[in-house]
Amino acid sequence: LETSGLAGSSLEIEITENLIMQDTHEPLEILNELLDRDITLSLDDFGTGYSSLSYLKQFPLQVLKIDRSFISDMMENQYNMSLVDAIIAMAQILDLKLVAEGVETVEQFEFLKSRKVEVVQGYLFSPALPAEKFREYIDMVQSR
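When the letters of the sequence shown are read in order and numbered with the numbering used here, they come out as residues 3 to 146.
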């Protein structure tokens with residue numbers, strides 16, 4: 003941050019459960035240092051590891067990313083839809099920002115929008131882009 007001059011509030015770091023599963027003491031210290039610099043911390047792939055709920059309690063997170071494995075068939079699978087609803091409710095109660103990954107259909111988007119999920123990612127909007135194409139995509143979206 004010092005070298006680039008970037009404000010900490012402009013940076014978000016995604017943490018996967020696998021990264022912090024082995025030893026929670028050292029990652030907790032590092033995450034608290036990042037938080038002290040006003041950096042946003044998000045838990046990626048929520049629900050795919052073994053101890054997701056304990057991480058919500060242990061680590062200073064602001065963002066919860068719902069893994070695509072829950073989103074992909076939630077419109078056809080009532081159980082997955084219920085799990086997504088439960089994750090959304092839990093995140094809202096804990097005042098965590100939500101990001102839904104892997105949104106591929108308008109129906110999925112509308113469902114998440116109706117649940118007040120503000121950030122969605124997926125092929126419905128764009129495939130993953132290399133850095134040079136990303137700038138073109140942003141320019142195109144902003145010109146609309």
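From the three backbone atoms N, C-alpha and C, an ideal C-beta is built for every residue, glycine too.
Quick caveat: nothing in here was measured; it's all calculated off a predicted structure.
Between V122 and L114, the C-beta gap is smaller than 7 Å, which places the two residues in contact.
Here L55 is actually not in contact with I17; their C-beta atoms are around 15 Å apart, not less than 8 Å. By the Cβ-count criterion, I15 is exposed, with fewer than 16 other Cβ atoms from all chains shown falling within 10 Å of its own Cβ. Unbroken alpha helix (DSSP H) stretches of 4 residues or longer found wholly inside the region 89-128: 108-116, given in chain order.
For F136, no beta strand (DSSP E) segment is defined; the enclosing uninterrupted segment is the alpha helix (DSSP H) at 133-144. With a cutoff of 7 Å on beta-carbon distance, A91 and L66 are scored as not near each other. Under DSSP, D46 takes part in a beta bridge, and its partners are T18.
Between the C-alpha atoms of L33 and I89 there is a straight-line separation of about 23 Å. When beta bridges are read from the DSSP output, I73 appears opposite no residue. Here the alpha carbons of K99 and R137 stand approximately 25 Å from one another.
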